[in-house]
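Single-structure report; data block below.
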Amino acid sequence: MILLASGGLIRAQEAGDTLRSYGPRFGIDIGRLAYVIGYPPQLGSAVFLDFEVSKNIYPVLELGYSSSHVDSTSWDYNSSGFFALAGIDYNLLHNAGRSEHHTITAGLRYGFSNFSQDISNIIVHDGIWGDYSAPDHRAELHAHWIEILAGMRAEVAPNFFLGWHLRYRFLLNPEMDPLVSPLHIPGYGKGSAVKSFGLSYSLAYKIPLFKR
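527 is the number that the numbering used here gives to position 44 of the sequence shown; each next residue is one higher, with no gaps.
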């Protein structure tokens, strides 16, 4: 009876090991934090939330804030605002066991940013009439873009993940400001670039709510 009980316990543990844990995963873009340290004129932070609704399928929501300041001999530039991205990731890695959560993903996002840009102390250089000041320019803008992503996340400890993603972005409304193309769009990058690349690094924690 003891042997039978022990065998049943072992089988139960093995069955438990084959279950897959599910729950929301919260993360932060640590690449943006490193960029703030290396380049103080540009500040920003971003967080994300995803959830494996079915094996290998992850709806994703990203939220963030970014600001940029540039000084030149002819003008001062400031921009700041919030951004959000929503989309889905699909895991291309078929893990050996259901309890493994490493991912190599392909993904798609829709991005939106609500931000302001302010150009002041504008000096126009004219070789004939001499230098003169131009009126300041301020605009409240909205940007829309699409992102295609590829990347990976590794479970470095139970429910803790490190990862990176390569992002290819397509700006949908480059003429958002007919007077001045934004130098910096929060969440996107240079407003003069209709297409751009980005790289993000993340640290995340998953709350294991249930197994199945």
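Backbone N, C-alpha and C fix where the C-beta goes; we use that ideal spot for every residue, glycine too.
Check                                                                                                         : Outcome
Of the listed residues F595, L645 and Y615, nearest to M635 (C-alpha basis)                                   : L645
Other residues of its chain near T586: CB distance less than 7 Å, five sequence neighbours each side excluded : N574, L576, M635 and R636
Buried/exposed call for A617, threshold 16 Cβ in 10 Å                                                         : exposed
Nearest neighbour of W558, chosen from F680, A569 and H620 [CA to CA]                                         : H620
The region 531-544 in contact with the region 661-671 per 3-pair CB rule at 8 Å                               : no
Distance CB(A633)-CB(L654) smaller than 8 Å                                                                   : no
Through-space distance from H608 to S549, alpha-carbon basis                                                  : 31 Å
Inter-residue CB distance, R508 and A529 (contact presumed, cutoff 8 Å)                                       : Incorrect: roughly 15 Å between the Cβ atoms, too far for contact.
L692 versus D601 - alpha carbon distance                                                                      : 46 Å
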